[in-house]
Amino acid sequence: MKREQKKARNIVLMILFTVLIGLFYQNYACLPIPRKTPEMSTHGYEVWANSSYRSFVPGSERFCVAKDWQSLGESSIERGGVRFPEGSTGIVIKSEDFITMPVSLEKSDFDLSVTYLKAMPEAERNAYVEIIKKAFNDVGSLYPGSTHLPQKHTVLISVGLAGDGNQFETSVYPNPSQYVSVFAKNRNHPRAEELFIHGATHAYNRFHPEFKTYQDNQSPLPAGDFEEMEATWTELTFRSSKDALGTRIDDLYRTYTAVMDNRTDETILYPLSDKEIFEGIKNKSVIVSAQATEGEAEFGHYILAPLVMLAAEGMLDESDVTIDSILMEVHRTNENFFSVLSRHVDQREMSLILEFIEGRAVIPEDLVRKGEARLAI
Ligand SMILES: [Zn+2]
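For the numbering used here, count along the sequence shown from 1 and bump the result up by 870.
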């Protein structure tokens, strides 16, 4: 063979080799699960690891899962590994340390299972499952247009992994997604049930592929702000203890008036009790822009939004209609929430609601109390 021919053959072989390696990586290769230092998120550690659990930020990569381990909340399992949905946290667990059990719901929107530590006592497990079932059934009752293609969904009870789930530092909270929700707080924590109801609401209003249409019709609220308003509302309306409901509404209203009066107060709800976060609140609206400060997002979504809904419930005082029945109609017809509400309150009340939303008027306490009385029945 001539020297030139040999050279040409070598080049062809090299190209072929590179293409084959590329194809192999594309189809079969996966990255090892990264080991990172723990990272705190909204309700506990998002990134965390021990000998039977690991969570990490996956991006769009494909990850290898070791033989005795399994992934949780993956969007696909391919020959080469698992991928996780965009924005979610990757989770892998050691199979022998966890149990996954199916949970049947009254409605068929979710094909639900619960994954928990094998070490959790049965009575304790049952108590968590009851809260989970009730939350999914209650939130599901607001969605009358049932699909017949249940969405596969797992609830990870992370209590017991990093401790008792009573503080941020003893809770593990990977980001939820279409496929997974997380019960991160100890069930005896005063916010445990409410936070789980909030998460179950997002399983419906943010992640369930069949219920995504109405969120874009909620002007003046962008979809994300409306989702938060619904989720903070269901926290109030579906919580099982009505006594604690009063305490929660007291806390919300006390925090609200302190912010509206620009009066920093140590007795208001965390994290607004932090002076620096409190002072970052300039815009007092349920509409939270991408540039909003931590305080503005916290106030708009978690303090103001549920009080606006309570005020609207208070305005419906004389009527058979409730905010829950209005939400059912919105979910059934994809209509605008405020259009439906405007059929049941007068024009003056309707413009007040819009002023409350944008912080242009202060919600009177008696309206909040009227709303509260309707929930307490
Ligand atoms: Zn939320």
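Positions of the beta carbon are idealized from the N, C-alpha and C atoms, including for glycine.
Between the CA atoms of residue j and residue i - distance to the nearest angstrom
| i | j | result |
| --- | --- | --- |
| Ile-1001 | Glu-1063 | 7 angstroms |
| Gly-950 | Asn-996 | 37 angstroms |
| Thr-1040 | Ala-1032 | 5 angstroms |
| Arg-1230 | Lys-1152 | 12 angstroms |
| Val-1129 | Leu-1142 | 9 angstroms |
| Ile-1027 | Glu-992 | 13 angstroms |
| Val-1058 | Asn-1036 | According to the sequence shown, residue 1058 is Asn rather than Val. So the two alpha carbons sit approximately 8 angstroms from each other. |
| Asp-981 | Glu-1225 | 41 angstroms |
| Phe-954 | Ser-922 | 19 angstroms |
| Lys-835 | Val-1178 | The requested residue 835 does not occur in the structure, where the chain is confined to residues 871 to 1247. |
| Gly-1094 | Thr-1107 | 20 angstroms |
| Ala-1101 | Thr-1083 | 17 angstroms |
| Thr-1125 | Phe-1066 | 22 angstroms |
| Asp-1135 | Glu-909 | 29 angstroms |
| Ile-1173 | Glu-1146 | 17 angstroms |
| Ser-930 | Thr-959 | 11 angstroms |
| Met-1185 | Thr-1071 | 24 angstroms |
| Leu-1091 | Ile-1157 | 6 angstroms |
| Gln-875 | Leu-886 | 16 angstroms |
| Asp-979 | Val-1025 | 15 angstroms |
| Ile-1233 | Asp-1121 | 15 angstroms |
| Arg-1213 | Leu-1237 | 19 angstroms |
| Ser-1011 | Arg-1244 | 18 angstroms |
| Thr-1137 | Lys-937 | 51 angstroms |
Boundaries of the beta strand (DSSP E) in which residue i is found, first to last residue
| i | result |
| --- | --- |
| Val-1050 | 1050–1053 |
| His-942 | The residue you asked about is not His; residue 942 is Leu in the sequence shown. That run of the beta strand (DSSP E) goes 939–942. |
As assigned by DSSP and simplified to three states, the class of residue i
| i | result |
| --- | --- |
| Ser-922 | coil |
| His-1023 | strand |
| Val-984 | strand |
| Glu-1039 | helix |
| Val-882 | helix |
| Tyr-1013 | coil |
| Gly-957 | coil |
| Pro-972 | strand |
| Ile-947 | strand |
| Ile-963 | strand |
| Glu-1136 | coil |
| Met-990 | coil |
| Val-917 | strand |
| Val-952 | strand |
Where the alpha helix (DSSP H) containing residue i begins and where it ends
| i | result |
| --- | --- |
| Phe-1096 | 1093–1107 |
| Ser-1212 | 1207–1212 |
| Phe-1226 | 1217–1227 |
| Thr-1117 | 1112–1130 |
| Arg-1202 | 1193–1203 |
| Ile-1147 | 1145–1149 |
| Gly-1184 | 1175–1185 |
beta-carbon residue i near ligand 2 non-hydrogen atom, thresh 8 angstroms
| i | result |
| --- | --- |
| Phe-933 | This structure lacks ligand 2; the ligands present are ligand 1. |
Below 7 angstroms from a heavy atom of ligand 1 - residues by beta-carbon: Having a Cβ closer than 7 angstroms to some heavy atom of ligand 1 are His-1068, His-1072, Glu-1097, Glu-1098, Ala-1101, His-1171.
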